[in-house]
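What follows is a single structure, written as structure tokens, with notes after it.
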Amino acid sequence: MELIDGKKISAEIKLEIAKEVEEIVSKGGKRPHLAAILVGNDGASETYVNSKVKSCEEVGFASTLLRFNENILETELLKSIEKLNNDSNIDGYIVQLPLPKHINENKIIQAIAPEKDVDGFHPINVGRLVIGLPSFVSATPAGIMELLKRYNINTQGKHCVVLGRSNIVGKPMSILMSQKQKYANSTVTLCHSQTENLKEITKQADILIAALGIPEYVTADMVKDGATVIDVGITRVKSETTKSGWKLKGDVKFDEVAPKCSYITPVPGGVGPMTIVSLMKNTLLSAKGEIY
Ligand code: GUN
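Residue numbers for the sequence shown follow my numbering, beginning at 805 and rising by one.
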């Protein structure tokens, strides 16, 4: 069993990005600039957005954080999106999800200019991904693809089972793994809450990608010997042993599943750090005009 070290790989990629940024700036180019919109005071969202801002500093990007009260009107939020769309100083931006219930998330996502949608959530980017055109790819699936590549995991013709059908992870992941290219080319099964005989399917997986958001859902009896297991789960659960009062749990029961695997991602330190670094990469691609 080999651990897939997302922390190490993400640190390497950050250095690669930082080097490229310095080259751009030293030649008189503009420093890439990422903006983030955060609405309300959700603890997890604050942590994620703060990590994104910190990562910008680490790779040499400029960053802007726009914070709004959770009572902000949808029309006001749309105005600030319009401003970012028209601000030539901003290469890309994200609207941290989830948004308060009175705001229509789909409407917000569709208001983001596709060429600045470094989260890859806009239908134009999703559609471009599906038909194999250059597009911004949602950061978590993009980060997982990078891990498969850097660990040289053979996915060609293999059975990849994705658990979870979210727009952010499960769906784009299933598309990426079925694409005709190295480190993809898999036969893909997308499972979800209504899937029958789930265990029969997961046991056939050469690559099992768990993105359900249910802590320790995947147990050893659901996993084939020698499988590659990618754990996307990062649920905060109460803990009496940590100072914060919570700890992160993956979707996979790591201690019993890991011994059966050829490769597995830990939580934390697996997929999580790759998500942020992929957002940085998308921002750099946007700044260089390499997608649009
Ligand atoms: N909420 C959970 N994950 C994400 C993400 O990747 N981007 C945004 N904008 N919100 C999220």
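The beta carbon of each residue, even a glycine, is placed where N, CA and C say it ideally should be.
Among the options, the one whose alpha carbon lies nearest that of residue i
i	options	result
K1003	L967, Q983, V1036, V973	L967
R871	E862, T851, N845	N845
V1036	V992, V1056, S892, W1050	V1056
K911	I1080, E886, A1015, V1027	E886
V1081	S830, G832, E862	E862
T1023	K905, V992, F1058, M981	F1058
N893	K834, M949, E806	K834
I816	E950, Q960, Q914	Per the sequence presented here, residue 816 reads as Glu, with Ile not at that position. When only C-alpha atoms are compared, the closest one is E950.
I821	C860, K1047, K812, T1079	C860
V1041	E1020, E824, V1061, Y1067	E1020
N1086	S1048, T1006, E909, F865	F865
I1095	G974, T1032, L937	L937
L807	P902, T1069, V829	T1069
K1092	K953, L819, E824	E824
K986	E874, G974, S830, K953	K953
M1078	D1025, I948, C995	I948
Q900	A946, L933, G847, P927	G847
A946	M977, S1066, P927, Y1067	M977
K975	K984, K962, H996	H996
K812	N908, I1038, K1047, Y955	Y955
I907	S1048, I876, I935, K1007	I876
DSSP beta-bridge partners of residue i
i	result
Y1067	E806, T1032
H963	T991
I898	A840
E868	As written in the sequence, residue 868 is Thr, which differs from the Glu given in the question. DSSP output for T868 lists A839 as bridge partner(s).
V1022	V1056
I1040	Note that residue 1040 is Arg in the sequence shown here, rather than Ile. L1052, per the DSSP bridge assignment.
D921	Y897
A1014	L967, D1035
C-beta contact flag for residue i and residue j at 8 Å
i	j	result
Y897	V922	yes
I916	C964	no
L1088	P918	no
S970	A1015	yes
V1075	I1034	yes
D1029	K1051	no
L760	A840	As displayed, the chain neither begins before 805 nor continues past 1096, which places residue 760 out of reach and without an answer.
Q960	N1001	no
I972	T944	yes
I1005	T993	yes
S1132	F925	Lying before the first or after the last residue shown, residue 1132 is absent from the chain, which here runs from 805 to 1096.
T879	I957	no
K920	N890	no
V853	P904	no
G1054	V1071	yes
Y818	M981	The residue asked about is misnamed: residue 818 is Lys in this sequence, not Tyr. For K818 and M981, no; Cβs fall outside 8 Å.
S867	V857	yes
M805	S1090	no
G810	G1073	yes
D895	L838	yes
Near the ligand HEM: residue i beta-carbon under 7 Å from a heavy atom
i	result
T1079	Among the ligands present in this structure, namely the ligand GUN, the ligand HEM is not found.
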